[in-house]
Each structure stands twice: as structure tokens, then as C-alpha cells.
Amino acid sequence: MNETTGGIEDGDGSGIVKKFMFVNRKAPYGTIYALEGLEVVLISAAFDQDVSMVFLDDGVYQLAKGQHTKAIDVKNFSPTYRALEGYDIEKLYVERESLEIRGLNAGDLLVPVEVLSSAAMGDLMKTQDVVIGF
Amino acid sequence: MVNEGPYTHQASDSAYLFAKATLEKGHQIHRVFFYHDGVNNATRLTEPPQDDRNVVTRWSKLAEDHGVDLVVCVAAAMRRGIRDENLAPGFRISGLGQLVESGIQADRLVVFGD
């Protein structure tokens, strides 16, 4: 059995394609949510689903350039976000208000994203089949 | 999906009560998936004071009575010392693919946690 996907190698054979949205709301370090959340996103790529990621609140820091974690002895996993494209996960949405309140803009981020207003983000969430927050 | 450990956080209680109410209303539960510190709901070594609820055995009983599939993420479990040796009855350890599969198969996926 493949331990990573739980024995399911390539999709679940059902041919169903759902809209999965992963909502990242927490800072990359301090808690494990961001790191373990990213693991779910990468696994979902093996199931041929319509996957998107959202970054809001402190979650926008997950995409910030220039993360240095040596001094806190925690792995810097931010390069993984740049690898998402290779998994065909290209729908990355960041909430404008979350960026602005933290003095950030799209240029401070590691990867190209679509910046959406809070209202537009809400509309997008309404169109999803499965929303999982980390 | 249960994302927090027992006792520290209400997530597991809420998920259990929701699951129980759901079954009583005649719905089916495809699976309960335990992730992050939620994997700590699966250890049979848990021993709360006698005047408190036992969160772990409550899940085990739900699995026994209703055949609910209780799945613990292997990677999250290994990080936190949850293994087959200390797994409570009714739980099994498997991969994250089981969570995604539930999202595909079920009408609703409900997340309990922060």
C-alpha cells in the first residue's frame, strides 16, 4: 500500500471532478497548520480535481519572500509553494485586505497570485464543492 | 475532519456530537478523518478522570455501533507517536488520500478545528 495516498494511486476511479479550495489563514511558523495543510494540497493533486488555494489573514505570510528559519530550528518549507505549478496547482488567490493591513503587496510574494477583494473571495468560495481550512 | 486533539480543544467534542446527531437523523457518514493534533483522539492510552467524558472510547463506540470509518493520517500520527500499537479500537492509520477521497465521494465535508 502506498502510505502517502492511502493506497489510492491516481484518482479514485470515479471520474468525479470537484472544486477543492484550501484556505490558509495562519502564519507559516508558530503552528504546524500551514506545513501539514500544504501536504494535503500536494496529495490532492494526484486526484485530478479542480484545486485552488486561498491565503488570507496571517496566511498571506506563508507566501512572503525571504523566509529564514535557521535560528528557530524549523524547516523553511516556503520553496514548496514555488513547486505547486509542477503539480498543476496554479489557482492561488490572496485577499487584498489581508495584504494591505500587513503592509504587503503582490510583489512581496514568492509566486504569482491573483489578488481578490474580501467580497470577491466570498463569491469564489460560494462556487466551491469542498472547502478545507488550515 | 477533526483537526484538534482531545480535551485541549472542543473540536473533537463538536465533531462527535455532530456525527451522532447526523446518524440519528438518518444520514450516512462516509468517514471521519483525523489530522494535525486530531490524531491524538486515537490513542487507547488516554485515561481521563472518571467524572469526565472519555473522548477516545466515545469515538470507538461510534465506530462499533454504526460502522463509521475512523481514519488517522499516517504522517501526522508518526510525528506525534500514534502507532498501531497504541491505537484505540475502531481507528485505522492510512494516508491523506483517504481525506481527498471522502471530499470527492461525500455530499459534504465538514471541518472541525480552528
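Respectively, the protein sequence lines represent chains A and B.
Just remember that the numbering used here sits 219 ahead of the position in the first sequence, which is counted from 1.
Just remember that the numbering used here sits 42 ahead of the position in the second sequence, which is counted from 1.
We treat Cβ as the ideally placed atom computed from N, Cα and C, and that holds for glycine.
Owing to the predicted nature of the structure, the values given are computational and were not obtained by experimental measurement.
### Query
Taking Cβ positions, are THR288 of chain A and TYR248 of chain A nearer each other than 9 Å?
A contact, by the Cβ cut-off of 9 Å.
### Task
Out of B:LYS62, B:GLN92, B:GLN52, state which residue places its alpha-carbon closest to the alpha-carbon of TRP101 of chain B.
B:LYS62
### Query
What are the residues that DSSP puts in a beta bridge with LEU328 of chain A?
A:ALA283
### Contact belief for ASP348 of chain A with LYS238 of chain A at Cβ below 8 Å, rounded distance in angstroms
5 Å
### Task
Closer than 7 Å, Cβ to Cβ, to anything on chain A: give me those residues from the stretch 128 to 142 of chain B, in chain order.
SER136, GLY137, LEU138, GLY139, GLN140, LEU141, VAL142
### Query
Excluding the five sequence neighbours on either side, which residues of its own chain have a C-beta within less than 8 Å of the C-beta of THR223 of chain A, listed in chain order?
Below a pLDDT of 50, predicted positions are generally treated as unreliable, and THR223 of chain A, at 47, falls in that range; the measurement from the model is reported next regardless. Same-chain partners within the cutoff: ILE262.
### Task
Could you please give the first and the last residue of the uninterrupted alpha helix (DSSP H) stretch that includes LYS345 of chain A?
That run of the alpha helix (DSSP H) goes 337 to 345.
### Length of the line joining the Cα atoms of ILE308 of chain A and ASP276 of chain A
21 Å
### 4-residue-minimum alpha helix (DSSP H) runs that sit fully inside the stretch 272 to 322 of chain A, ordered along the chain
298 to 302, 315 to 320
### Chain-ordered neighbours of TYR252 of chain A on chain B, where CB pairs are closer than 9 Å
Going along chain B in sequence order, the residues near TYR252 of chain A (Cβ under 9 Å) are ASN45, HIS78, GLY155, ASP156.
### Task
For chain A, find out if any of its Cβ atoms is closer than 9 Å to the Cβ of LEU151 of chain B; answer yes or no.
yes
### Query
Is the shortest distance between the beta-carbon of PHE296 of chain A and the beta-carbons of chain B less than 9 Å?
no
#### Entry: Own chain, CB closer than 6 Å to LEU294 of chain A, minus 5 neighbours either side, in chain order
This sequence places Lys at residue 294 of chain A; Leu is not what is there. Cβ within range, chain order: n/a, list empty.
### Task
Quick one: grab the DSSP three-state call for PHE60 of chain B.
Looking at PHE60 of chain B - three-state DSSP - the assignment turns out to be helix.
### Task
Please state whether DSSP places GLU66 of chain B in a helix, a strand or coil.
helix
### Query
What residues from chain B crowd round GLY352 of chain A, counting only those whose CB sits closer than 7 Å?
VAL153
### Query
Could you give the distance in angstroms between the alpha-carbon of ALA84 of chain B and the alpha-carbon of ASN324 of chain A?
42 Å
### Query
On the three-state DSSP scale, how would you describe GLY225 of chain A?
Residue placement at GLY225 of chain A cannot be trusted, given a pLDDT of 48 that sits under 50; the coordinates are not used to answer.
### Query
Mind pulling the chain A residues with CB within less than 9 Å of GLY145 of chain B?
LYS237, PHE239, SER263, PHE266, GLN268, ASP348, VAL349, ILE351
### Query
What is the DSSP secondary structure of MET220 of chain A, counted as helix, strand or coil?
Any reading at MET220 of chain A is ruled out, since the residue's pLDDT is 37, under 50, leaving its predicted position unreliable.
### Query
Any Cβ of chain B within less than 9 Å of the Cβ of SER271 of chain A?
no
#### Entry: Cβ contact check for the stretch 264 to 281 of chain A and the stretch 300 to 318 of chain A: 3 or more pairs under 8 Å
yes
### Task
Return helix, strand or coil for LEU87 of chain B, following the three-state DSSP convention.
coil
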